[in-house]
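Heads up: the protein sequence lines correspond to chains A and B, in order. Quick note: the first sequence, position 12, residue 13 per my numbering, numbers continuous. Quick note: the second sequence, position 113, residue 119 per my numbering, numbers continuous. First the structure, in the form of structure tokens, and then the observations on it.
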Amino acid sequence: MATIHIDGKEYEVDGADNLLQACLSLGLDVPYFCWHPSLGSVGSCRQCAVKQYRDKDDTRGRLVMSCMTGIQDDSYISIEDDEAVKFRASIVEYLMRNHPHDCPVCAEGGHCHLQDMTVMTGHSKRRYRQEKRTHQNQYLGPFVKHEMNRCIACYRCVRFYKDYAGGTDLGVYGAHDNVYFGRAKDGVLESEFSGNLTEVCPTGVFTDKTHGDHYTRKWDLQFAPSICHGCSSGCNTSPGERYGEVRRIENRYNGQVNQYFLCDRGRFGYGYVNNADRPRLALLRDPSAEEADITLSVDAALDRTAERLKRARRVIGIGSPRASLESNFALRELVGAENFSTGIEAGELERLHLMQRMLRESGLPTPSQREIEHHDAVIVLGEDLTQTAARIALSLRQAARGGAVELAGQYKIPDWNAAAIDNYAQGYKHPVFMATVTETKLDDIARGTYHGSPDEIARFGFGIAAALDASAPSVGDLDDDVQRQVADIVQVLKNAKRPLIIAGESLRSNAVLKAAFNIAKAVKGAGLNGSLTLVPSEANSMGLAMLGGESLDWAIKEFAREEADAAVVLENDLYRRLPAKRVDEALDNVDTLLVVDHTPTPTCLRADIVLPAATFAEGDGTLVSQEGRAQRFFQVYDPSYYRPNDQTHEAWRWLHALHTTIEDRKVDWTQLDQVTLEVANAVPALAGIVDAAPNASFRIKGQKIARSPHRSSGRTAMRANLSVVEPRQPQDKDSMLAFSMEGYNGTHEPRQQIPFAWSPGWNSPQAWNKFQDEVGGSLRAGDPGIRLIEPDADSDTRGLGYFSDIPSAFQLYHDRWQVVPLYHLHGSEETSARAKPVQERTPDAYIALGAADVETLGLDRASKVRVRVGKHELLLPLRISSQLRRGVIGIPRGFENIPVDIFGEWARLEQEVRA
Amino acid sequence: MSLITPVTSGLTSLGTCNSMPRAPETHPLTWRLNDDASPIFLDEYRSKNGYEGARRALTELTPDQVAAEVKEAGIKGRGGAGFPAGVKWSLTMKGEGIPRGYLLCNADEMEPNTYKDRMLMEQQPHLLIEGMIIAAYANNSYRGYIFLRGEYVHAAANLRYAVEEARAAGLLGKDIFGTGFDFDLFVHTGAGRYICGEETALINSLEGKRANPRAKPPFPGQSGAWGKPTVVNNVETLCNVPAVMANGIEWFHGLCREGSEDHGTKLMGFTGKVRNPGLWELPFGITAREVLEDYAGGMRDGLKLKAFQPGGAGTDFLPASNIDIQMCSNGFGAIRSRMGTALALAMDETCSIVSVIRNIEEFMAHESCGWCTPCRDGLPWSVKLLRAIEAGEGRPGDIELLEEIVHNAGPGNTFCALAPGAISPLGSAIRYFRDEFEAGIRSSSVQASPAAAHPSLGTA
């Protein structure tokens, strides 16, 4: 800590900060552009100038850039000094010289950092009267719109895109007042994190194209604190809605999870919420009748469904890892625990249980995304993180860069001095080792890569464990070069202060997970302060595994054996999990198939009854992320306000109403909190979820929290097409949020649940700094969510022992290839794949083959390959992989028309003869 | 056999330096030069006492002693800023656990009206190489690069040829003079940006990055090229070192005129409408009048001196009344100005100060790297205002606006020294020749108010 005097007042600040951080953390407004809490200081914009005095007797002082000036104890600073004030106003004036007068038509207007800073510095009259320079704009793909004329050359875009996120196709070109930020030529931005440019850019150069297609000003949107459902990372989001449509998703700051950044799936994959083909009404299908589906009133739907379920011999409920704990629990209550399936395929469910045991019994804690950044050696087994849990890949990049920060720190270069760190460290990184089936977008930061089949990756991992701890089972027949690589890694692990092991579900390999466990256990045994990150596949996979329940295979078998004749499927497409034939055969035996979902999945299309469920935008619930963090997402809007006939409700509401209708009793659960509490009471492992967020009675100064900014306009007019009578605003009994601009929206009172970032004078995402204990730190009220899984203190003595079922070496055949799943951020996930912009970024399905196999088979780039796996036959275009090993082919998983049961199997290949 | 063909005749740096009277005792930089400017390569250089300074430094002194001697001799940077080279050297990180770094020669001579380093490199490349060997020894550098202005093709050829000669003679490479000291150097030609003369931008450019300057601290001596301790010195600075090593500090201190705090000699020049424009090696402390009148022959065609810039486009406009100023840093310090490179530009009374400064600011605005706001956006605005004033289209308030830009782009307010150097001439031009600016301002009665000029009101 250090004492500094700012404009005559004395403050205690963190001595490791720079002056700008210190001032902002104190809540003092100093304008800035090029500095960013996650990107550090480079001193280019000169906007944050303040006066620094030699001592308390110095009256002249000199201007310094606060972002580039370290804290000195007992120093004297002035923000309000006349020269500093004038200088800052001049800087904005210079920046505004070429900035167009297009705020009224600019998508950034109303959440623009440049607007905020212009107002803050008091620059209100343009003296520049000459011509402005102009630029050509580029096509950057379906996500990001480019308008270079607005650029103020703060360099943040390239610093984020290249330095922070590892992108290579965005750069800065030109010089003097003709610097250009863009690609070498028009084209889709390749990075999985391109959407962050829209928030990193302080003005409207990079804006959200998906938002532009149905644009609404920030102040006219209605928001809620939400959790991304796109993968298991658990990123916090802030979706904005108007007229019953989600209009955009922005990052919501969580100091322990995503901080300032999201991946593009999470930001741009919301389109499924708005799709016209969504079920919005309860539907009854009578296959015997000729006519189309019958829509039902809510009461009729409940009565007729209850009647059919009552008639059934046995009802089995199939839950879902993409639905909330509350909805899954409501289903379990409806059908009884003995009839409840998690909806997860048996192998995956087994691995999820294994993951849970690993997290408790390896002895190593699992880090938050933020904590991942603070590891100094990382081994990734099997996961192509950039495609399966992208935000974690971004954290991993920061862990690697931590090597540079640490090295420079030994040289007394402070951690905020970004450019100096990079100049000094010259790309030095903490070691990251990637063992994956094919090349990944983290290979560029890897000190070493290993590419092999899933079993080989497991053997590689077992080898590391054995080399680290002689008592761990050894692999025996590892190749010499692999052994050398293993020895290198072990050396690195032993020297590491905080090693991290990462594995996950994506290769669907028990062996890979077990190998990761053995490494973790060996790391723990060696007394190293390590951590373990495990990545399940879906938003609530962890939660479902903790809730418990049978596998989907079990449910399907029960139907096939005619042990049950009615199914209630919750937000789950069974065809994505098990072979179509098995699902079809099972469902043929089901007399009543009730599907509660928000998306017209193939399962939904087979249903006898469909009840329209809420997406994250229309309902609340709790999810458990990969780190075991229970987090609540909240309803963004009430669809029935805009569409009075809309019957969309949270699945738990439907299922509970159905339950009480069947039992002919009154509804018990009228509020989310009741359900959450029931879950917590019923499942000890989930007892903590009550504290994942404040309950519905939470108030600040007697007020609920406003979902809309106070400038929100048009409320009395927005339903005028339906009726000129303005109804009462929907009342939210489930949460502490109000469907209104009325309510608390300030930063003064600490709160965790923040629908949108705003503070007086701070309309852009930079307003998050106003909610934090220190800029870039944690929210003052604590970061949202609660962690449910901590390692068992006695795991050494009680926990799992080393696994010894090591797979045997890969067998190469001349006529057979093992099929491994490959993943795509855009395309592999079910719901986001229904968003049009994501579809534009999704490649066509393909078969990937290693270069050596391509040569042996005499294939070329333009080849199409016929793949026979079991009874499936696929004709796919070839993609040549530089790293896929011989005897292995990669096929994207989760894509339409790619069967689910080909992965891990052996395929025969045939080149399609071209005419 | 060298694959490089040196340029032995027709060098355009042939000039007054080759014809002025000069002696080893008084002209350490130019006494060896041939009257016909034919370059001095290894044999001739050695025959003229070449590499004796390096030999003494490496065989008789420790690196710290070399740095101390250079510091005591008071060799100041000759690139325009005048930072004491010995002080810079003493700040270079050396010692156990610290990697050996780089010695960079700043040969990116792009200051408008500055043409001294080219002469040294074209005609006397070994003098620079010898200076670099000594500097490398003092700073524990293991590699040297001469970062050479790309257009200097003759200098590049002769330097490369001389480097090969030196390497073949064991003066570069391993175990120089049998001392165990290793050092090698390479010529790297730049792609032509003024900003590359800024030492940290030079480092970035050398690393293959955009030529943006770096923030200091850390200074290059701590973390420079490729993160290693790095020293960047100007060509002429390094060329002064061998003679100091060979002849001693006392001799060096005797070279300058009385009243000069700078020691030694300086390559000085005078251009503009003078009778005999040129470049001369002259003692520090000589007056500008002597350079103009005794060496450059005074103003030509009966023109009268109105103003002069003492050392490059980045130095102040001084009125003719300052012509008796001593050419040394303290001489200019007394009037809160800078000597710069000491290659002066004379402006006669037919010169429009507004036009000259507009021309200079156009160059500077164009050469801004685009990194920091006052430079990137302030300089071009000044150009637009100056163009308006030059055309008689200036508006009331424009001069004050220019003065604001002068302040905002001044020392400490920008990321590097380019903008302060670029804008200080403008400040001095307004200070001394304000009436010429005022003449370009249209009277307020004709000037439309901003509202009345708004196109949508149909009045524009």
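The C-beta atom is built at its ideal place from N, Cα and C for all residues, glycine as well. Source: prediction; values computed, not measured.
Quick check on the burial criterion: 16 or more other C-beta atoms within 10 angstroms. Buried or exposed for residue i?
| i | result |
| --- | --- |
| I341(B) | exposed |
| E45(A) | A quick correction: the sequence has Ser, not Glu, at residue 45(A). S45(A) is buried by the Cβ-count criterion. |
| A29(B) | exposed |
| M484(B) | Beyond the ends of chain B as shown, which are 7 and 466, falls residue 484(B); an answer cannot be given. |
| C876(A) | Note that residue 876(A) is Leu in the sequence shown, not Cys. Exposed: under 16 other Cβ atoms inside 10 Å. |
| E911(A) | exposed |
| L17(B) | buried |
| D287(A) | exposed |
| P12(B) | buried |
| G186(B) | exposed |
| N682(A) | exposed |
| H657(A) | buried |
| M2(A) | exposed |
| Y814(A) | exposed |
Which class does residue i belong to by DSSP, given the choice of helix, strand or coil?
| i | result |
| --- | --- |
| F904(A) | coil |
| V596(A) | strand |
| K186(A) | coil |
| C111(B) | strand |
| A863(A) | coil |
| Y51(B) | helix |
| G284(B) | strand |
| R869(A) | strand |
| A618(A) | coil |
| V250(B) | helix |
| H194(B) | strand |
| H372(B) | helix |
| P325(B) | strand |
| M66(A) | strand |
| I363(B) | helix |
| L285(A) | strand |
| Q754(A) | coil |
| L789(A) | coil |
| Y273(A) | helix |
Less than 8 Å between C-beta atoms, sequence neighbours within five positions excluded: which residues of the same chain meet that for residue i?
| i | result |
| --- | --- |
| V93(B) | K77 |
| Y425(A) | A405, L408, A409, Y412, I414 |
Excluding five sequence neighbours on each side, which residues of the same chain lie with their C-beta closer than 6 Å to the C-beta of residue i?
| i | result |
| --- | --- |
| L673(A) | D621, D735 |
| D854(A) | R887 |
| L355(A) | L514 |
| D294(A) | L284, R286 |
Give me the chain C residues within the contact set of residue i, using Cβ-Cβ distance strictly less than 8 Å, ordered along the chain.
| i | result |
| --- | --- |
| G175(A) | Judged by its chain identifiers, the structure shown contains no chain C, and its protein chains are A and B. |
Residues in the same chain with beta-carbon distance under 7 Å from residue i, minus the five sequence neighbours each way, listed in chain order, please.
| i | result |
| --- | --- |
| P283(B) | F276, T277, A302 |
Whether or not the region 70-85 of chain A and the region 98-112 of chain A are in contact is what I'm after, with contact meaning three or more pairs of Cβ atoms, one per stretch, closer than 8 Å; do they touch? The region 98-112 of chain A makes no contact with the region 70-85 of chain A; the number of CB pairs closer than 8 Å stays below 3.
Is there contact between the region 270-287 of chain B and the region 103-117 of chain B, where contact requires at least three CB pairs shorter than 8 Å? No, because fewer than three Cβ pairs between the region 270-287 of chain B and the region 103-117 of chain B fall closer than 8 Å, the two stretches do not touch.
Touching or not, the region 120-131 of chain A and the region 151-159 of chain A, by the rule of three or more beta carbon pairs under 8 Å? The region 120-131 of chain A is not in contact with the region 151-159 of chain A.
Can you list the alpha helix (DSSP H) stretches of 4 or more residues lying completely in the region 525-593 of chain A, in chain order? With a minimum length of 4 residues, the unbroken runs of alpha helix (DSSP H) contained wholly in the region 525-593 of chain A fall at 542-548, 553-561, 581-589.
Just list the beta strand (DSSP E) runs in the region 660-711 of chain A, keeping only unbroken ones of 3 residues or longer that don't cross its boundaries, in chain order. Taking only runs of at least 3 residues, no beta strand (DSSP E) segment lies wholly in the region 660-711 of chain A.
Check whether the region 190-199 of chain B touches the region 131-149 of chain B, counting contact only when three or more Cβ pairs, one atom from each stretch, lie closer than 8 Å. In the pairwise beta carbon analysis, the region 190-199 of chain B is classified as touching the region 131-149 of chain B: at least three pairs are separated by under 8 Å.
Contained alpha helix (DSSP H) runs [length at least 4] in the region 344-398 of chain A, N- to C-terminal order: You should have 347-362, 370-373, 386-389.
Evaluate the contact criterion for the region 219-229 of chain A versus the region 181-188 of chain A: three or more CB pairs, one atom per stretch, below 8 Å. Flag = no, the region 219-229 of chain A and the region 181-188 of chain A do not touch.
To test your reading of the DSSP string, which unbroken beta strand (DSSP E) runs of 3 or more residues are found completely within the region 150-201 of chain A? Fully enclosed beta strand (DSSP E) runs of 3 or longer: 172-174, 181-183.
Contiguous alpha helix (DSSP H) assignments of at least 4 residues, all confined to the region 405-487 of chain A: As far as the region 405-487 of chain A is concerned, its whole alpha helix (DSSP H) runs of at least 4 residues are 419-426, 455-469.
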